[in-house]
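Report on one structure; see the data block that follows.
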Amino acid sequence: MAAADARAQAVCVAVVSRANRPLFVCRVAEGVDELRLHHVVHSCLDIFDERRAAPTPPGAQADAYLGLLQPAVDFRVYGYVTNTATKLVVVMSDGDVRELELRQLLRRLHGLVIHAVSNPFYVAGTPIVSTKFEAGVRQLVASAR
């Protein structure tokens, strides 16, 4: 019973370009194979396109938060897409996920991405290589635990 009540933890955070190139992939939990996380992130990218292509009902506003993209064996993958079609992915461990907190985490991650790509020295479409950005992501994930 205790295992069913366990809260899910973020395992990986990824930022993927419009062209499906990984701009930033950060493993935030130890003991998980990084190559496996890359595979999990990559395998959900088509779902972003499917959800974005789906028609929205009249009068409804498209939500950037896409929610659960796919459950994997040990993980659940959640997504958020920006106005520029940049994809934000959070891979969570299997457990109880609080949707509201996850939605807020992804919104804050979006803010960090905006700040990072607004740097005049950042070249659009290239990997985000910033210790400040990575520290911000790690702090964001740690505060959500």
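Under our numbering, the first residue of the sequence shown is numbered 102, with each subsequent residue one higher.
Virtual Cβ for every residue (Gly too), placed ideally from N, Cα, C.
- Residue 188 sits buried, since 16 or more C-beta atoms from the chains shown fall within 10 Å of its C-beta.
- By the Cβ-count criterion, residue 211 is buried, with 16 or more other Cβ atoms from all chains shown falling within 10 Å of its own Cβ.
- Following the DSSP letters along the chain, one finds residue 191 in no alpha helix (DSSP H) but inside the beta strand (DSSP E) bounded by residues 188 to 194.
- Annotation note: the segment 166 to 230 contains the following uninterrupted beta strand (DSSP E) runs of length 3 or greater, listed N- to C-terminal: 166 to 172, 176 to 182 and 188 to 194.
- Here residue 126 is bridged, per DSSP, to 115.
- Between residue 175 and residue 197, the gap from beta carbon to beta carbon reaches 7 Å or more.
- For residue 245, there is no enclosing alpha helix (DSSP H), since its DSSP letter is neither H nor E.
- Only buried fits residue 192, as 16 or more other CB atoms lie within 10 angstroms of its CB.
- By the neighbour-count definition (other C-beta atoms within 10 Å, threshold 16), residue 226 is an exposed residue.
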